[in-house]
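Engineer: Below is the structure I would like to discuss, written out as structure tokens.
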Amino acid sequence: MATPRAPPQAAVPGGGAGAAAGGVTMRMFHGDVFLGEAEVFPMKQGAEGSLPFPSNEIRISHLSPTSERCPPLAILQTIAPFSVRCKLQAKLMPPHPSLHRLYLTCFNEYKSAVVVVGDEELHLVAMPSKVEKVPCFWCCSVRSGIYAASVGMLNLRCLAIVFDLDETLIVANTMKSFEDRIEMLSRRMDIEDDPVRIAGMSAEIKRYIEDRELLKEFIDTDTVTDNGRIVGTQKEEVLPISGGQERVLRPVIRLPERNAILTRINPEVRDTSVFVKLRPAWEDLRSYLTAKGRKRFEVYVCTMAERDYALEMWRLLDPEANLISSHNLAERVVCVKSGSKKCLQNVFKDKGCHPKMAMVIDDRLQVWDEKDQPRVHVVPAYTPYYAPQAEMANAVPVLCVARNVACNVRGGFFREFDENLLRKVFELMYENELLDLPYAPDVGDYLVCEDTNFAPNNKDVAPIPEGMSGAEVGKRLNGLAYPRDQKQIPSSTRLSDDDGVALRGIPGGTNIQSNGGSLATTPSLFVTVLQEIGRLCESRVEFRSTVSSGKNMQFSVEVLFSNEKIGIGIGKTRDEAQVLAAEKALQNLESNYLSFMAPVAGVLNKDVNKPPGSGNGFLEDITLSEDISMEEPSGSTLKEQDHSKALDRLSSVISLIRELCLEDQHVVFRDQVRDSGSALNGEYHFQAELGGQILGRGIGLNKDFAKLQAAEEALKTLKTTTDPQIKKHLRPMQQLNFPLYPTQRHRETGFPGPGHVIEENAGQPQPIILYWIAFLVQDGILTVASSKTRSCGCSSSVIAILCCHVCLPTKLIWNLVLKLIFLEDAIAS
2 MATPRAPPQA
12 AVPGGGAGAA
22 AGGVTMRMFH
32 GDVFLGEAEV
42 FPMKQGAEGS
52 LPFPSNEIRI
62 SHLSPTSERC
72 PPLAILQTIA
82 PFSVRCKLQA
92 KLMPPHPSLH
102 RLYLTCFNEY
112 KSAVVVVGDE
122 ELHLVAMPSK
132 VEKVPCFWCC
142 SVRSGIYAAS
152 VGMLNLRCLA
162 IVFDLDETLI
172 VANTMKSFED
182 RIEMLSRRMD
192 IEDDPVRIAG
202 MSAEIKRYIE
212 DRELLKEFID
222 TDTVTDNGRI
232 VGTQKEEVLP
242 ISGGQERVLR
252 PVIRLPERNA
262 ILTRINPEVR
272 DTSVFVKLRP
282 AWEDLRSYLT
292 AKGRKRFEVY
302 VCTMAERDYA
312 LEMWRLLDPE
322 ANLISSHNLA
332 ERVVCVKSGS
342 KKCLQNVFKD
352 KGCHPKMAMV
362 IDDRLQVWDE
372 KDQPRVHVVP
382 AYTPYYAPQA
392 EMANAVPVLC
402 VARNVACNVR
412 GGFFREFDEN
422 LLRKVFELMY
432 ENELLDLPYA
442 PDVGDYLVCE
452 DTNFAPNNKD
462 VAPIPEGMSG
472 AEVGKRLNGL
482 AYPRDQKQIP
492 SSTRLSDDDG
502 VALRGIPGGT
512 NIQSNGGSLA
522 TTPSLFVTVL
532 QEIGRLCESR
542 VEFRSTVSSG
552 KNMQFSVEVL
562 FSNEKIGIGI
572 GKTRDEAQVL
582 AAEKALQNLE
592 SNYLSFMAPV
602 AGVLNKDVNK
612 PPGSGNGFLE
622 DITLSEDISM
632 EEPSGSTLKE
642 QDHSKALDRL
652 SSVISLIREL
662 CLEDQHVVFR
672 DQVRDSGSAL
682 NGEYHFQAEL
692 GGQILGRGIG
702 LNKDFAKLQA
712 AEEALKTLKT
722 TTDPQIKKHL
732 RPMQQLNFPL
742 YPTQRHRETG
752 FPGPGHVIEE
762 NAGQPQPIIL
772 YWIAFLVQDG
782 ILTVASSKTR
792 SCGCSSSVIA
802 ILCCHVCLPT
812 KLIWNLVLKL
822 IFLEDAIAS
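This note's numbering puts the sequence shown at residues 2 to 830.
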């Protein structure tokens, strides 16, 4: 309940600083009752300051509904911001008794005196004054009928929510649409050569055929056989939406286990039978809207479907008429002509609600008028046949996310209304100016508009539209011709450029969103990888999310691994933020891994921010450094890049050689041509020596390439030599910082042997691996590679290491390396 205002005091004749100088005297009436004369002061001078009252008289037709907690000025500022047209005050002192009573009634009961002018309402709002005891008013203009609708909603803390039907809440098919979808998929399979896509299409066709057979049985016998159980129809009464309608009984079969309903639009015509799939979690969203018997939202439906079809689909969604009562159904279900823009002003017909107090849930954004798009929460199109597990693969189902968004929007809207607008309105006086009015909240301020225009990175074929939408509904239900060879997909289908496209071949299906170039999968591959790493390492992976308050609401997600923050993501939705956080965590940890492994295993430095190239979007090919060092430069840029990589590789190889040698022993590089090291025929020749023994030779276009070749040959010699003259310069096996030779179990499985655990610096914390890295085990030493063969005798060609990014003793690093996962199939796909 709002804090009561102090009783009105006085006004300075002339309207105060906010009104233009020079008032106009007018006679006031309430109906036919004379109230006395008032002096009217326009808020603006000149032509813009013309007074809104016709015939130079103020004739009040009625008083507005009583507001329990919101003063009329707060309501008017919300639905018609800064719409104050003029100020007026009683001319005589003392005022006429009838005018004084009207003023006190309006002030104390939170009412306004309404003057109707055409399709406009002028609301006279009783205002307190700083000085004399004179009735004074502000006059605000608003469209007819909208104030009466808004006052109840604002007092009850209620907003409006508008639902789309097809592919947002339901997917519906007739026999004809089933057959068309099956035929379209069959044609695609005939020209497809990717076995993964063919398998996906085949499974999709199977799901279509299964539901088509149920619908056919319903048409023929009014029963269906579900898992060996025969289910008969129930006659459900359709409440008439107007007094002249006859009582209608529809045959309906509800299959809760399938989340499906079979119904007949026209009970007398079996060909109007429809198979309807309801989107999962609809019950959760519906119960939130009417929890504890209190409406949080006034519900509307706006669809491009045919009207009888739309009314029946909504009846299936709201069978007890808790969301939209039967006497409001006709005006609350709005059908828009296919191809036209949806518009909130048309939905509410200028009376039901103000668009600023409404949000929309739809699977498409561009079908809405541009001024309404900031108030649309875009959900992924419902695709139960293409990706049946996609809805439940998310941690939070799509409609539960929509419920949470609606809750946040409502909370943000009324927090701004109570804490800012109401408080400041109570402080306003008659003498204040127009600019002293506070900012009015808008649903669009708390609902981040999702940009679903994107260019997919995958080469997959877009899914066909599921179910009927738009004009297609009328054609199918009315038996109009619908050519089977039609290749043009209706503009109202899910294939419009403002919709997400699901990916075939990824379990659970996906929905791609514009994400700064990132591919947001559902479920996210990045999130799945992090969770699998946590499971293998017996560590907890936690995603903590918050929603920033303010005009540009953003979701923020932090990734915690064993209570250590390893990544953060910020996005327009919680799912997007989670994907970005997981991806960022993996990139950061890859960078840490590379900096840790470079001096140990010769890992090339590379740009960790580079987007994934080949592979599955996460595993990427890493070219062998030996191949890089032998590539012929193709230009100045490539020469610089190859030279830089050669220097990095040379440093890594020398570090490995030092690890093998005793502390006082060093490899020396000598120029084989002359001491000055000048080139012979454009080439440099170097040899690597240790204790006078030549370990390797190298030839290159510059010194560094030649040294690198010599160093790599020397490293190979040191690893395989049996010459005692060389071995006396090497460290004993137990002092090495990596497993040098594989055990028998290592050769059989590809795992480093349990006996080869780092002992040196075992008590010092080290950064540890957290990334999918393809490794090659060659001559007993782990090196990064993309090769599909190994010389260690392992049966599998490629392995990947999963470890964790926590501060652990180095001794535990190789213990974690033991937890390897064979991913050849995943990499190959």
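Even for Gly, the Cβ is constructed at its ideal location relative to N, Cα and C.
What residues match up with Phe164 in a beta bridge as DSSP calls it?
Structural biologist: Residue mapping note: residue 164 aligns to position 163 of the sequence shown, counting from 1. Bridge partners of Phe164: Val302, Ile362.
Engineer: Look at the alpha carbon of Ser653 and the alpha carbon of Ala586, and state the distance between them as a whole number of angstroms.
Structural biologist: Walking along the sequence shown from the start, residue 653 turns up at place 652. Walking along the sequence shown from the start, residue 586 turns up at place 585. The C-alpha of Ala586 is placed about 26 Å away from the C-alpha of Ser653.
Engineer: Which stretch, first to last residue, makes up the beta strand (DSSP E) that contains Gln555?
Structural biologist: The residue given as residue 555 occupies position 554 in the sequence shown. Element bounds for Gln555: n/a, residue is neither H nor E.
Engineer: Tell me the rounded alpha-carbon separation between Val668 and Pro733.
Structural biologist: On the sequence shown, residue 668 is found 667 positions in, with the first residue counted as 1. On the sequence shown, residue 733 is found 732 positions in, with the first residue counted as 1. Val668 and Pro733: Cα-Cα distance of roughly 18 Å.
Engineer: Report the rounded CA-to-CA distance for Ala322 versus Arg575, giving the unit in angstroms.
Structural biologist: Sequence index remark: in the sequence shown, residue 322 carries index 321 (1-based). Sequence index remark: in the sequence shown, residue 575 carries index 574 (1-based). Cα-Cα distance, rounded: 32 Å.
Engineer: Quick check: Ile61 and Val115, are their CB atoms within less than 8 Å of each other?
Structural biologist: As a first step, residue 61 is located in the sequence shown; it is residue number 60 there, counting from the start. As a first step, residue 115 is located in the sequence shown; it is residue number 114 there, counting from the start. The Cβ atoms of Ile61 and Val115 sit closer than 8 Å to each other.
Engineer: From the DSSP output, read off the bridge partner residues of Ser546.
Structural biologist: Position 545 of the sequence shown, counted from the first residue, corresponds to residue 546. DSSP lists Val558 as partners of Ser546.
Engineer: Since Ile254 contacts Thr234 with CB under 8 Å, what's their CB separation in whole angstroms?
Structural biologist: As a working note, residue 254 is residue 253 in the sequence shown. As a working note, residue 234 is residue 233 in the sequence shown. That belief holds up - the Cβ atoms of Ile254 and Thr234 are roughly 5 Å apart, short of 8 Å.
Engineer: Just list the residues that DSSP pairs Thr264 with in beta bridges.
Structural biologist: One-based indexing of the sequence shown puts residue 264 at position 263. Paired residue(s): Val275.
Engineer: Mind checking Leu716: buried by the 16 CB within 10 Å criterion, or exposed?
Structural biologist: Residue numbering aside, residue 716 sits at position 715 when the sequence shown is read from its first letter. With 16 or more neighbouring CB atoms inside 10 Å of its own CB, Leu716 falls in the buried class.
Engineer: Would you say the beta carbon of Lys729 is closer than 7 Å to some non-hydrogen atom of the ligand ATP?
Structural biologist: For the ligand ATP, the structure offers nothing, since it holds no ligand at all.
Engineer: Per DSSP, which residues does Asp672 bridge with? Please list them.
Structural biologist: The residue labelled residue 672 in the question sits at position 671 within the sequence shown. DSSP, once it has assigned bridges, lists Phe687 as partnering Asp672.
Engineer: Go ahead and pull the three-state DSSP assignment for Lys729.
Structural biologist: Along the sequence shown, one-based indexing puts residue 729 at 728. The answer is coil: DSSP assigns Lys729 none of H, G, I, E or B.
Engineer: Would you kindly work out how many angstroms separate the C-alpha atoms of Ile727 and Lys708, rounded to a whole number?
Structural biologist: One-based indexing of the sequence shown puts residue 727 at position 726. One-based indexing of the sequence shown puts residue 708 at position 707. Straight-line Cα distance between these residues: approximately 20 Å.
Engineer: What is the DSSP secondary structure of Met27, reduced to helix, strand or coil?
Structural biologist: Mapped onto the sequence shown, residue 27 falls at position 26. Reduced to three states, the DSSP call for Met27 is strand.
Engineer: In this structure, how does DSSP classify Glu110 when only helix, strand and coil are distinguished?
Structural biologist: By one-based count along the sequence shown, residue 110 stands at place 109. Coil, per DSSP.
Engineer: Rounded to whole angstroms, what is the Cα-Cα separation between Met76 and Val85?
Structural biologist: Taking the first residue of the sequence shown as 1, we reach residue 76 at position 75. Taking the first residue of the sequence shown as 1, we reach residue 85 at position 84. The residue asked about is misnamed: residue 76 is Ile in this sequence, not Met. The straight-line gap from Cα to Cα measures roughly 13 Å.
Engineer: Can you grab the Cα-Cα spacing for the pair Phe414 / Lys88, in whole Å?
Structural biologist: In the sequence shown, residue 414 corresponds to position 413, counting from 1. In the sequence shown, residue 88 corresponds to position 87, counting from 1. Within the model, the alpha-carbon separation for Phe414 versus Lys88 is close to 29 Å.
Engineer: Could you name each continuous alpha helix (DSSP H) segment of 4 residues or more that falls completely within the stretch 124-192, going from the start of the chain to the end?
Structural biologist: 147-156, 176-192
Engineer: So, at 8 Å on beta carbons, what are the nonlocal neighbours of Lys488 in its own chain, with the 5 sequence-adjacent residues on each side left out?
Structural biologist: Within the sequence shown, residue 488 is the residue found at index 487, counting from 1. For Lys488, the predicted structure reports a pLDDT of 32, less than 50, and the residue's modelled location is therefore unreliable. The matter cannot be settled from this model.
Engineer: Identify the residues that DSSP records as bridge partners of Trp315: which are they?
Structural biologist: If you number the sequence shown from 1, residue 315 lands on position 314. For Trp315, which the question treats as bridged, DSSP gives no partner whatsoever.
Engineer: Name the DSSP bridge partner or partners of His97?
Structural biologist: The residue you call residue 97 lines up with position 96 of the sequence shown. Its beta-bridge partners do not exist; DSSP assigns none.
Engineer: Within this structure, are the beta carbons of Glu467 and Tyr387 separated by less than 8 Å?
Structural biologist: Walking along the sequence shown from the start, residue 467 turns up at place 466. Walking along the sequence shown from the start, residue 387 turns up at place 386. Judged by their CB atoms, Glu467 and Tyr387 are nearer to each other than the 8 Å cut-off.
Engineer: Ala712 and Leu651: beta carbons closer than 8 Å?
Structural biologist: Residue numbering aside, residue 712 sits at position 711 when the sequence shown is read from its first letter. Residue numbering aside, residue 651 sits at position 650 when the sequence shown is read from its first letter. Closer than 8 Å, so yes.
Engineer: Alpha carbon to alpha carbon, how far is Gly445 from Ser656? Give it in angstroms, no decimals.
Structural biologist: The residue you call residue 656 lines up with position 655 of the sequence shown. The residue you call residue 445 lines up with position 444 of the sequence shown. C-alpha separation (whole angstroms): 59 Å.
Engineer: Around the Cβ of Phe276, are there at least 16 other Cβ atoms within 10 angstroms (buried) or fewer (exposed)?
Structural biologist: Taking the sequence shown and counting its residues from 1, the one referred to as residue 276 is at position 275. With 16 or more other Cβ atoms within 10 Å, it is buried.
Engineer: Which residues in the same chain as Cys140 place their Cβ atom closer than 6 Å to its Cβ, once the five residues preceding and following it in sequence are excluded?
Structural biologist: Locating residue 140 in the sequence shown gives position 139, where the first residue counts as 1. So the list reads Arg86, Cys87, Leu123, Leu125, once near-sequence residues are dropped.
Engineer: Rounded to a whole number of angstroms, what is the C-alpha to C-alpha distance between Thr722 and Ile567?
Structural biologist: One-based indexing of the sequence shown puts residue 722 at position 721. One-based indexing of the sequence shown puts residue 567 at position 566. Approximately 43 Å, taken between the alpha carbons.
Engineer: My parser needs the beta strand (DSSP E) runs of 3 or more residues fully inside the stretch 231-257; what are they?
Structural biologist: 235-239, 249-256
Engineer: For the candidate residues Arg659, Glu299, Leu317, Leu279, whose alpha-carbon lies nearest to that of Lys236?
Structural biologist: To locate residue 236, count along the sequence shown from 1; it is residue 235. Looking at the Cα atoms, Leu317 is the closest of the given residues.
Engineer: By a C-beta neighbour count over all protein chains shown, 10 Å radius and 16 as the cutoff for buried, is Lys45 buried or exposed?
Structural biologist: In the sequence shown, the residue the question calls residue 45 occupies position 44. Exposed.
Engineer: Mind checking which residues open and close the beta strand (DSSP E) that includes Glu58?
Structural biologist: Here residue 58 refers to the residue found at position 57 of the sequence shown. Run containing Glu58: 58-61, per the beta strand (DSSP E) assignment.
Engineer: Residue range of the beta strand (DSSP E) that Cys87 falls in?
Structural biologist: Here residue 87 refers to the residue found at position 86 of the sequence shown. Start and end: 85-91.
Engineer: Compute the distance between the beta-carbons of Asp672 and His686, then report whether it is under 8 Å.
Structural biologist: Taking the sequence shown and counting its residues from 1, the one referred to as residue 672 is at position 671. Taking the sequence shown and counting its residues from 1, the one referred to as residue 686 is at position 685. Contact: yes.
Engineer: Please classify Leu279: is it buried, with 16 or more other beta-carbons within 10 angstroms of its beta-carbon, or exposed?
Structural biologist: Along the sequence shown, one-based indexing puts residue 279 at 278. That one is buried.
Engineer: What is the DSSP secondary structure of Arg698, counted as helix, strand or coil?
Structural biologist: Translated into the one-based positions of the sequence shown, residue 698 becomes position 697. Strand.
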